[in-house]
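Here is the structure we will look at, set down as structure tokens.
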Amino acid sequence: MISKTFFKETKELFREGRVRISLIIVLLLLGVSVWISTRQFQNVNAQYAMAKTSERDVWDNQGEKNPHSAAHYGTYAFKPKYPLSLVDQGVDKYAGTSIFLEAHKRNEAQFSAAADQTGLARFGDLTPDFILLFILPLLIILLGYNSFTKEREMGTLTLLKSQGVSNWKWLLGKWSALFMPVLIITLTLFLIAGILLDNLQDFGVFNWNSLGVMFLVYMVYYAVFINIILLISSLVKKSGIALVASLCIWILACLAAPKAASNIAENKYPYPTRQEFAANVLQDKKEGLDGHDPWSKEAKQLEKQVLQEYGVDSLHQLPFNFNAYRMQKGEEHEAEIYFKHYNYLKEQYSNQSNIYRSLASISPYLPTRFLSMAIAHTDYDTHWDFADAAETYRIATQEFLNGNTAKNTQYGERGYKASADFWKQLPAFQYDPPELGSVLNRNTSNMVVLATWLFATFGLLFFTTKTL
Numbered sequence: 003m004i005s006k007t008f009f010k011e012t013k014e015l016f017r018e019g020r021v022r023i024s025l026i027i028v029l030l031l032l033g034v035s036v037w038i039s040t041r042q043f044q045n046v047n048a049q050y051a052m053a054k055t056s057e058r059d060v061w062d063n064q065g066e067k068n069p070h071s072a073a074h075y076g077t078y079a080f081k082p083k084y085p086l087s088l089v090d091q092g093v094d095k096y097a098g099t100s101i102f103l104e105a106h107k108r109n110e111a112q113f114s115a116a117a118d119q120t121g122l123a124r125f126g127d128l129t130p131d132f133i134l135l136f137i138l139p140l141l142i143i144l145l146g147y148n149s150f151t152k153e154r155e156m157g158t159l160t161l162l163k164s165q166g167v168s169n170w171k172w173l174l175g176k177w178s179a180l181f182m183p184v185l186i187i188t189l190t191l192f193l194i195a196g197i198l199l200d201n202l203q204d205f206g207v208f209n210w211n212s213l214g215v216m217f218l219v220y221m222v223y224y225a226v227f228i229n230i231i232l233l234i235s236s237l238v239k240k241s242g243i244a245l246v247a248s249l250c251i252w253i254l255a256c257l258a259a260p261k262a263a264s265n266i267a268e269n270k271y272p273y274p275t276r277q278e279f280a281a282n283v284l285q286d287k288k289e290g291l292d293g294h295d296p297w298s299k300e301a302k303q304l305e306k307q308v309l310q311e312y313g314v315d316s317l318h319q320l321p322f323n324f325n326a327y328r329m330q331k332g333e334e335h336e337a338e339i340y341f342k343h344y345n346y347l348k349e350q351y352s353n354q355s356n357i358y359r360s361l362a363s364i365s366p367y368l369p370t371r372f373l374s375m376a377i378a379h380t381d382y383d384t385h386w387d388f389a390d391a392a393e394t395y396r397i398a399t400q401e402f403l404n405g406n407t408a409k410n411t412q413y414g415e416r417g418y419k420a421s422a423d424f425w426k427q428l429p430a431f432q433y434d435p436p437e438l439g440s441v442l443n444r445n446t447s448n449m450v451v452l453a454t455w456l457f458a459t460f461g462l463l464f465f466t467t468k469t470l
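Per the working numbering, the very first residue in the sequence shown carries number 3; after that it's consecutive.
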């Protein structure tokens with residue numbers, strides 16, 4: 003009975019011109035989106051490789067220079083574009099691509115792609131994740147909104163009942179007929195993406211396991227939508243009403259719920275403005291050690307502690323340059339200030355994420371979106387990890403430069419310059435994103451919510467069809 007229903011429903015679907023045209027349009031959109039994303043992915047990574055190499059060459063070829071001057075001259079930490087961003091670009095468009103690393107200051111990521119786009123970009127980009135998250139659920143609605151209502155309207159429901167057809171077998175046949183075209187389209191997209199990524203050289207390590215997990219997430223998402231559409235079709239009597247109700251569910255789940263969740267989270271746990279954040283950091287800096295001010299109360303206290311620690315009476319007797327030592331301590335103090343204030347931002351982000359998770363029960367879109375971005379390493383968690391890694395590297399760079407001055411000069415000595423080969427001794431910045439297992443552990447709640455949606459909608463669907 004399952005196979006007979008499956009073949010019957012499949013034939014009826016492909017007999018309809020609207021279905022064939024819709025499938026062709028979706029396939030064309032997917033093809034174009036993959037082509038656009040591939041070109042963009044290659045261009046961005048080529049720019050990343052060129053910028054990373056050229057910036058390192060500039061750093062290595064500074065010539066003879068004072069290390070503290072080099073600290074203010076600074077360098078850049080560039081965020082790589084990860085392979086699965088080809089499928090889901092996440093927040094990469096808005097989060098910035100590079101961080102300027104300099105003395106005394108922690109900077110934000112800059113040069114986001116969104117900042118360089120025109121107002122037309124607000125209408126959305128044609129990307130694979132847009133097709134997967136928005137267009138394919140619409141296709142499911144188009145294919146399945148009249149699955150049960152047409153049986154009532156044509157009078158075949160009474161005939162099927164009189165023949166003692168098993169409801170659950172009949173349901174599984176219809177469900178499979180809806181699921182199969184979506185499975186084929188999605189599988190085709192992921193296979194093409196996997197083959198493209200597997201053959202790209204020097205653009206990050208591609209992991210088939212991550213792609214497979216992302217594919218499973220989307221298939222669960224589509225299964226939930228199929229359940230909801232069939233549930234609506236089984237409850238109403240007219241196909242027109244079923245279509246309108248299904249479209250309303252799509253609007254609420256994919257458009258209204260994410261926006262509402264965003265507004266609620268932002269209102270409850272707002273970020274400080276850029277001006278407020280800078281003012282708070284500046285205030286804390288004024289109350290602590292300034293590495294450039296040898297006459298401040300904090301500097302004199304540090305001087306006294308160091309003299310007592312080394313058992314000497316004069317800064318000239320220390321085995322290192324105290325000025326450079328004081329500047330490094332000032333850097334460490336300022337790093338603690340930035341850690342404090344950025345940690346507050348991370349706490350606000352964590353609180354907002356908890357709001358999203360608590361509201362994920364109102365829409366299967368939310369857990370799917372978060373899981374997809376996390377697996378692709380295009381979510382805010384990965385961006386925070388990158389920013390923290392860049393800050394750690396900045397602090398280590400300042401320690402490397404100040405340590406050279408402290409070691410190779412005497413107190414009060416001026417005009418010191420490090421050799422031209424010294425800069426090459428600084429290790430290059432390297433950032434590796436979290437492993438798949440760590441990502442999934444961090445998103446356990448999203449997986450639980452999505453699984454709950456799947457089993458709850460299946461249960462409701464089976465319960466409802468028993469009463470047909």
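Where a beta carbon is used, it is the ideal one built from N, C-alpha and C, also for glycine.
Does the distance from the CB of residue i to the CB of residue j come in under 8 Å?
i, j, result
"N404", "Q330", "yes"
"N282", "H343", "yes"
"E66", "A398", "no"
"M216", "A378", "yes"
"G146", "L86", "no"
"F388", "K95", "no"
"T72", "S100", "Note that residue 72 corresponds to Ala in the displayed sequence, not to Thr. No, the Cβ-Cβ distance between A72 and S100 is not below 8 Å."
"I253", "L29", "no"
"L452", "T370", "yes"
"L291", "E278", "no"
"E57", "G76", "no"
"P139", "N406", "no"
"M156", "L185", "no"
"T55", "I230", "no"
"E334", "L317", "no"
Under 8 Å, Cβ to Cβ, is there at least one residue of chain D near residue i?
i, result
"L31", "Looking for chain D here will not work: only one protein chain is present."
Taking only three categories from DSSP, how would you classify residue i?
i, result
"Y78", "strand"
"E437", "coil"
"L122", "Low per-residue confidence applies at L122: pLDDT is 49, beneath 50, and the placement is therefore not dependable, though the value from the model is reported in the following sentence. Residue state, collapsed to three classes: helix."
"S5", "helix"
"E18", "coil"
"Q64", "coil"
"Q432", "coil"
"Q112", "strand"
"F102", "strand"
"A301", "helix"
"A420", "strand"
"K83", "coil"
"K239", "coil"
"V451", "helix"
Can you tell which of the options has its C-alpha closest to the C-alpha of residue i?
i, options, result
"A225", "T466, F465, G461 and S39", "G461"
"A51", "W455, K95 and F431", "F431"
"R108", "L232, I27, L284 and F43", "L284"
"I228", "A301, N356 and L144", "L144"
"Y418", "K426, L202, P130 and A408", "A408"
"S178", "L245, I142 and N45", "I142"
"S39", "L218, L198 and R359", "L198"
"R41", "D62, L202 and V28", "L202"
"R413", "P296, L347, R371 and A453", "The sequence given here has Tyr at residue 413, not Arg. Ranking P296, L347, R371 and A453 by Cα distance to Y413 puts P296 first."
"R22", "T459, G313 and P183", "P183"
"L25", "D59, I137 and N63", "I137"
"Y358", "G332, P429 and S264", "S264"
"D127", "Q112, A111 and Q91", "Q91"
"L135", "L257, E289, R396 and G175", "L257"
"P435", "F208, V450, R396 and L174", "F208"
"N345", "Y312, D390, L304 and H74", "D390"
"P429", "L456, V441, E401 and R416", "E401"
By Cβ distance below 8 Å, which residues in the same chain neighbour residue i in space, the five residues on each side in sequence not counted?
i, result
"V93", "M375, T380, D381, Y382 and H385"
"N443", "none"
Keeping to the same chain, check which residues put their C-beta closer than 6 Å to that of residue i; ignore five residues upstream and five downstream.
i, result
"L191", "L32"
"F150", "S235 and S236"
"F372", "N448"
"L122", "Summary for L122: the model assigns pLDDT 49, below 50, so the residue's position carries little reliability; its value from the coordinates is reported in the next sentence. Cβ within range, chain order: n/a, list empty."
Short of 7 Å in beta carbon distance, which residues of its chain neighbour residue i, apart from the five on each side in sequence? Order them along the chain.
i, result
"V89", "P130, D131, A195, M216 and A378"
"V46", "K83"
"W210", "G196"
"S248", "I143, Y147, I231 and I234"
Item checked: Stretch pair the region 344-354 + the region 263-278: three plus CB contacts closer than 8 Å -> yes
Next item on the list: State whether the region 237-251 contacts the region 451-465, with contact taken as three or more CB pairs (one from each stretch) at a distance under 8 Å.
Entry: no
Check: Three or more beta-carbon pairs under 8 Å between the region 359-367 and the region 308-327, yes or no?
Finding: no
Check: Does the count of Cβ pairs from the region 237-256 and the region 332-341 closer than 8 Å reach three?
Finding: no
Notebook entry, point to check: Counting pairs of Cβ atoms below 8 Å between the region 130-141 and the region 421-430, do you hit three or more?
Noted result: no
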